[in-house]
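See structure below.
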Amino acid sequence: MNKPLLVAAICGTLFLQSCASILHGSKSELSIKGTPEKAEIYVNGNFMGEAPNTIKVRNTEFKNGNSLVVKSNGQEQTFTLKRRVMAGYLIADIILGGFIFTGIDFLTGAIYKGSPEEINYKMNSDVSANK
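Numbers -20 to -1, 1 to 111, taken from mature numbering (1 follows the signal peptide of the UniProt record, and there is no 0), label the letters of the sequence shown in order.
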């Protein structure tokens, strides 16, 4: 393979990534802790593990109306997941690559910042306390 073609291939690959995809990624960490420990964690109905835990959630999961549920001893707490567009990455995408980079970041979810970043739950550890 000749050098100009190799350089063009490498540059083309680099330009297929956009600012937020490279710098932020398409997943966010979400820290969950509280009492009692070993509570089950669900994001949009999908089991993600037991608390305390730090889980990685796709930024596309942080939509209005989506939720994280913590369940333990027949009790549950629901937390609403929200997202916002990171304006700095959006501006950089438009300046550096126009609508192509912007589209990539929106499709991958990399342009979004999820909230909350930390969840603290508290439930009764004794099942009989609910009766």
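From the three backbone atoms N, C-alpha and C, an ideal C-beta is built for every residue, glycine too.
Where I21 is concerned, the enclosing beta strand (DSSP E) starts and stops at 20 to 23. V37 is bridged by DSSP to S8.
With contacts defined as CB atoms closer than 8 Å, K13 and P32 qualify as a contacting pair.
Counting only the Cα atoms, V49 lies some 26 Å from F86. Proximity of the stretch 46 to 66 to the stretch 90 to 106 meets the contact definition, three or more beta-carbon pairs being nearer than 8 Å. Minimum Cα-Cα distance from T40 among the listed residues S105, M103, I91, N100 corresponds to I91. Residues G14, V50, Q57 of the same chain have their beta carbon placed closer than 6 Å to that of Y101, with the five preceding and five following residues left out of the count. By the Cβ neighbour-count rule, L10 is buried, with 16 or more other Cβ atoms within 10 Å of its own.
In the three-state reduction of the DSSP assignment, I91 falls in the coil class, being assigned neither a helical nor a strand state. With a contact defined as Cβ atoms closer than 8 Å, T82 and I74 qualify at about 6 Å.
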